[in-house]
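Count along the sequence shown starting at 1, add 16, and that's the number in this note's numbering.
First up is the structure itself, then whatever we jot down about it.
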Amino acid sequence: MSLKPRNWLLSILLLAMLWSGAAAVGPAPTASAASKTPFTDVVAGHWAEKHIAKLALQGLIAGKGANLFAPNDSVKRQDAVIIAIRFLGLEQKALDSGVAAFPSTFNVSSYANLYVSYALKEGLLNRTEEFALAEADSKVNWGEAPATREWIARLLVRTIGKTAAAGTTSFADNVSIDKDLVGYVKAAVDLDLVKGLSGNTFAPKGVVTRATAATLFSRAEAAKQLAYSKQTTGMLLGADANAVTVLQANGTATAYAVGTGTLYSRLDSEALTAQDALKVYGTVNVIAAADGSAAYVEQASDTPLVKTVQGKLVVVSASKSAITLLSGEDVQSYSYDPARLPSVTDAENNKVALADLPENADLTLTIDTYTQSGKVIAVKTGQSAVVRSGTGTVLSVDAAGRKLQIKDDATSIADTRTLAANAVLRTVSGVPAAIGDIKVGDTVAYEIKGGLYTTVTVTKSAVAASATGTLFKIDTSAQTIQYRVAGASDIIGKEYVAGVAVKISGLNGATLADLYPGDAVTLTLNAEGKVTAVEATGRSVQVQNGLVVNTYLNDLKLLILQDNAGNVIKDSTGSPKTFTLGSGVRYDLNGTTITADAGTSMLYKGRKVDIGYSGTNIVSISFVAQYKGTVSSNNTTTKTLQLLLDNNSTVTIPYTSPTVEIYGQTNRTYADIKAGDRIVALLDGGQNYAVGLLVVKTVQFEVVSVDAAAAKLKAKASDGSVAEWTVGTGFALQDASGNAAQLSGFAAGTLLNVTLQGATPTLAKIVPSTFGRVVAIDTSAGTIDLRTGAGAAVKQTVGTTPLVVRNGVSSNSLSAIQLDDRVELRKDENDRTILNVVTPVSKTYWRTDKTSNTFYYQKESLSDDNYSVALSPQVYIHQGDTLIATDSLNFGDPINVYVLRGKAIEIVKP
C-alpha cells in the first residue's frame, strides 16, 4: 500500500458514518454520482470527503492506485501507524531511524518496518502490548491485521500526547472492551475523537475503514497543533472570488489565489462549506497547492484577532505611516504598514483612499492583535464619501423624509438619497424650490457630496396639463371646482378626483376647505381632464411658532398675539395686529385635530400657540406641548436645538437636562442628538423648554406572534431582541401599499418597518418581499431576473451594490449573486435593497402532516433534532418545472429544502 501524498480537491458531501459521528439514515450515494476528486470511488456525497481531502493535501494519506482510495476497505495496523507518524511530522526521522529486530511472531510489511520500529521507540506503540497481540493472533501478520476500534483509540490518544482516562465508558458493551484499552477508549470519547454506534454501543472489536481513519486523524488536529508542509496558519484578512489573504504571526501577509477547486471548511464542522462561511479576522489554516494557490482553507477559530478604536481624525501621516485620532480629550497615533495599506471604506462600504480621509472624520480603526506589531489593518468612516454629479429622472419624492430617488441617465441605476440640510433645489426656471416642488418624472441635474444630494435642479418638468384662473366656488356635492379665466366672465367647472392634492404655500396638509373664493389657482389635470391637484398661487400661509395669546374675543372671533418677550404683534401701521378666526380655521393639539369649540376654549391669556395665517386671516392654530422635526443644529454650549418642522418652518428650543430616548440604546444625553436626526421634543408645562427628546427612527422587525383579541403584537429585531406592543391609538398599522391594515393581517414571519419615537412605536408597515430563483444577472445594469414559483421570470432593478447576505455573511456587490441562487428581495429600514440568499439543505423525505402543515425529513443521526419544518403558505414544491403535491413524494426520496424565517418556502425533488 502506497501512502505518498497527492494534490487533489474535493467538495462538500453528506456525512454518513455512525462511528465517526454521522448516521446514515437514507441510502448511500451510488457510483453514478459524479466524483469531484481523482478518486473515482469517493463519490459525490461521501461522508468523509472533507477529512480525506484535508489529510491527503497535508501528505498524511493517499490512494491505492488507479485513482482509487477504497474508503470502505479496512485500514491495516501498520498503515494506521504510518498515518500517526506523518501526523506528528516525524516521517523523515522514522525513515532515518534504522530497522529494529522483531520477534518471529511479530511481522510487518517491508514498507512499514521503519515506521513501526520508530513508533515502538517513541512510545506510540508498546512492545509488550503489541508483541502479545501478535502472539495471540498468529494466523495473520501483526501489520497486515485490520485495526480495531479499541486499538486505534489507544493509538490516537497516544499520538496527541494524552494518556488513558480513569474509569469506564458509558457504552452498553463496555465489558467487551479490552481492560487494557478501556481507559484509552474513554479518553478518545472525552476528547471528541470518536463516537458511539446506535444503541449506545461501541463495538470495540469492529474494524476501522480507511475513510474512518482519515476522519479520526483529521479530528485529532484540533487537539494537537502541528505544522505541515505547504500549510500556513494565520489571521484571515479578507476573502473574495480571487484570493484569500492571511496575516501570519511574523507580520507577513500572503494572498493565496482561489478558484472553483478551492475547498473550504470549518474545524467545528464535519462537512465542507462555502467561502462565505469564513469569518474575517479569525484564525485560518491554508494548505497550498503545488502552484502556490489555496487548495484548502479551514477556519480554526472565529475569535477576532483584532481590536477597534474610535475617534475623530486628526491627521494621516504618510511619512510616519500613522493615523492620529482624537478620542474624547486624548490624542493617540496608530501605525499602519506602508507596504500593505489598511483597507478604507465609507459608511456605504465604498472604497476610499487613505489620503482622501477628511480631517475630523469619525473613524473606526481595526487593529491587529495577532502579531506583535499591532498595525491598523482596516479603517471605517462614519460618513459616506460618495461624491458625484449627473443627470437623471426623478422616480419618487418623499417630502416628509426629505428623500429623492433619481435614476441616473448614464448608469440607469435608481439611487435613493436624503437631501442635505442646506441642499439647494431649483425649478426649471432657476427659482429656488422646496422638495415638494420636485415632481416624479422631472428631469434633473444633481450633485452628491458626502452621500447626500446637495443640489437638484429641474431641467425639464414632467408633462402635465394645467389650467389657471380665479377660484369662484368649490361644490363638494358635485365634486367640482369652479373658476374664471382672466379676461372672461364665464364660470368653468372641472370635476376633481378623490384625494385631490391641495397646495398652499406654508400650509402642510392643505385641503379644499382651505381655499377661498378669489384665490388665484393653478389646476393640474389628468388625461381625463379631471383635477388632480390645486395650487393657490395668489397667496401663501405664513407660519409663526411660539407666539403667546394676549387677547381673544370669542364673540367677535378676534385674536391679538404677542411674542415670547411680551411684545404685542403689530401691523404695518404700528397698531396691534388683529387676526380674524373664520369658520375654516384648523385647530390641533400636538398634531391631533380638535374641534373649533375645543380650540377656542384654549385661547386664554398667556397660552402659547403656533399659527398659520394669510394676511390677517388665521388658517391654523396649533397648541403645542411638543415639536417634531429634523435637527438643523444642536448647540450643546448654549443648550439650544434648532428644528426644521414638517411645515418647513424652524423653531429654536432651549433645554437644560432633558431625558433622551433612542430605541435600542441606553444612557443617552443631549450630546447624542446630531444634526439630521429626526426627533420629538417634549416641552415643559410652560412650553418654554424641552424636557424630553425622543429620536424618531425606523427599525425592521419580524412578526413573532399576534394576539388580535388583546391587540398585542410581538416582533423580533435583527439583533434577536424581542419587543411586545399593544396596538391602539397612536400606533398605526399599514399594509405594503401604505393602506390602513388590521392586526389580524400581520402573520408570523411577516417583515415590518416600525417607526418609533424613542422606544414607543407609532407606525408598523409591512415590508413587501419577493422570493424566487435567479435566472439572469446583469451586473452592469444592476438587474436580476427572478422566477417566482412556476411563474415567468420578472426583471428586478437592484443596483450594482445591493446588500447581499449569504449564510450570515454580507457583501455589497451584485457579483456575489449566482445563477440558480434562491433569493429574497426586499428593502431594509433605510430603503436599502437587500438580497438574502437562501441556501438549501439536502434531506430525505419522511412524511407530511397536513393537519399541522408540517413537513418531516428522516433523521440524519439519533441526536438529530432538525427533522421537521413548517410549510409556508406560499411553498413551491416541484420537480424540474412540474408543480407537485406532497402526496407525490415517497418515503426515502432525496429532496432539497429552502427555509426562510423558519418556514419551507421551496422544496425541490431532484
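Backbone N, C-alpha and C define an ideal beta-carbon position, used for all residues, glycine too.
Small disclaimer: the values here were computed from a predicted structure and weren't measured.
Opposite residue i in the DSSP bridges: which residues?
i, result
"Ala-733", "Phe-717"
"Phe-932", "This structure gives no information on residue 932, because the portion of the chain shown stretches from 17 to 926."
"Lys-741", "What sits at residue 741 in the sequence shown is Trp, not Lys. Looking at the DSSP assignment, Trp-741 forms a beta bridge with Leu-729."
"Thr-459", "Thr-409, Lys-476"
"Tyr-883", "DSSP output for Tyr-883 lists no bridge partner at all."
"Asp-384", "Val-322"
"Leu-253", "Paired residues: none, contrary to the question."
"Glu-840", "Phe-787, Asn-852"
"Arg-404", "Ile-464"
"Ser-428", "For Ser-428, which the question treats as bridged, DSSP gives no partner whatsoever."
"Thr-907", "In the sequence on display, residue 907 carries Phe and not Thr. Bridge partners of Phe-907: none, in fact."
Taking Cβ to Cβ, would you say residue i is nearer than 7 Å to residue j?
i, j, result
"Gly-815", "Gly-788", "no"
"Gln-642", "Asn-606", "yes"
"Thr-248", "Val-313", "no"
"Val-12", "Val-58", "Residue 12 is absent from the model: the chain starts at 17 and stops at 926."
"Ala-230", "Leu-342", "no"
"Leu-373", "Leu-329", "yes"
"Phe-55", "Phe-103", "no"
"Asn-769", "Val-783", "yes"
"Val-712", "Arg-684", "no"
"Lys-323", "Asp-353", "no"
"Arg-555", "Ser-477", "no"
"Lys-781", "Gln-750", "yes"
"Val-395", "Val-460", "no"
"Thr-397", "Leu-379", "yes"
"Tyr-892", "Glu-922", "yes"
"Ala-334", "Ser-349", "no"
"Thr-596", "Asn-633", "yes"
"Pro-818", "Leu-851", "yes"
"Ile-576", "Pro-592", "yes"
Smallest Cα separation from residue i: which of the options?
i, options, result
"Leu-406", "Thr-470, Asp-535, Val-719", "Rather than Leu, the amino acid found at residue 406 in this sequence is Gly. Among Thr-470, Asp-535, Val-719, the Cα nearest to that of Gly-406 belongs to Thr-470."
"Val-559", "Gly-509, Leu-660, Val-325, Gln-495", "Leu-660"
"Val-513", "Thr-527, Ala-502, Pro-162", "Thr-527"
"Leu-73", "Val-91, Gly-277, Val-205, Leu-197", "Gly-277"
"Glu-550", "Thr-538, Asn-561, Val-557", "Per the sequence shown, residue 550 should be read as Val rather than Glu. The shortest Cα separation from Val-550 among Thr-538, Asn-561, Val-557 belongs to Thr-538."
"Val-696", "Ile-678, Val-392, Ile-451", "Ile-678"
"Ala-273", "Glu-166, Asp-284, Ala-255", "Ala-255"
"Ile-508", "Ala-287, Lys-546, Phe-747, Gly-736", "Lys-546"
"Pro-674", "Leu-657, Gly-680, Val-601", "Leu-657"
"Pro-87", "Ile-99, Ala-725, Arg-93, Ile-68", "Ile-68"
"Leu-779", "Ser-245, Phe-717, Pro-818", "Phe-717"
"Asp-880", "Leu-887, Tyr-872, Lys-195", "Tyr-872"
"Leu-13", "Asn-580, Gly-598, Ala-552, Thr-553", "Because the chain in this structure spans residues 17 to 926, residue 13 falls outside the shown range and cannot be described."
"Asp-735", "Gly-680, Phe-907, Leu-759", "Gly-680"
Classify residue i: buried if its beta carbon has 16 or more other beta carbons within 10 angstroms, exposed otherwise.
i, result
"Tyr-620", "exposed"
"Ala-920", "buried"
"Ala-304", "buried"
"Thr-382", "buried"
"Thr-164", "buried"
"Pro-926", "exposed"
"Phe-187", "buried"
"Lys-811", "exposed"
"Gly-701", "exposed"
"Asn-473", "A small correction: the amino acid at residue 473 is Thr; Asn does not occupy that position in the sequence shown. Under this definition Thr-473 is a buried residue."
"Ala-450", "exposed"
"Pro-220", "buried"
"Asp-95", "buried"
"Gln-388", "exposed"
"Ala-44", "Here Ala-44 scores only 34 on pLDDT, less than 50, and its place in the model should not be relied on; the value that follows carries that caveat. Looking at its Cβ environment, which holds fewer than 16 other Cβ atoms inside 10 Å, Ala-44 is exposed."
Please determine whether the Cβ atom of residue i lies at a distance below 6 Å from any heavy atom of the ligand MG.
i, result
"Asp-292", "With respect to the ligand MG, the structure shown offers nothing to examine, as it has no ligands at all."
Checklist entry - Any contact of the stretch 859-868 with the stretch 825-838, i.e. 3+ C-beta pairs under 8 Å? => result Touching, no, given that fewer than three Cβ pairs across the two stretches are closer than 8 Å.
Item to check | Inter-stretch contact (C-beta, 8 Å, three-pair minimum) for the stretch 902-917 and the stretch 768-783 | outcome: Between the stretch 902-917 and the stretch 768-783 there are fewer than three inter-stretch CB-CB distances shorter than 8 Å, so the stretches are not counted as touching.
Checklist entry - Counting Cβ pairs closer than 8 Å, one from the stretch 265-274 and one from the stretch 136-151, do we hit at least three? => result These segments do not touch.
Checklist entry - Is the stretch 673-690 close to the stretch 613-629, with three or more CB pairs under 8 Å? => result No, they do not touch.
Checklist entry - Touch check for the stretch 702-715 and the stretch 798-811: three-plus C-beta pairs under 8 Å? => result The stretch 798-811 and the stretch 702-715 do not touch, with fewer than three beta-carbon pairs separated by less than 8 Å.
Next on the checklist: Taking 8 Å as the cut-off, does the stretch 166-174 touch the stretch 190-205 (at least 3 CB pairs, one atom from each stretch)?
Outcome noted: Yes, the stretch 190-205 is in contact with the stretch 166-174.
Checklist entry - Pairing CB atoms from the stretch 283-303 with CB atoms from the stretch 314-323, are three or more of them under 8 Å? => result Output reads yes: the stretch 314-323 touches the stretch 283-303.
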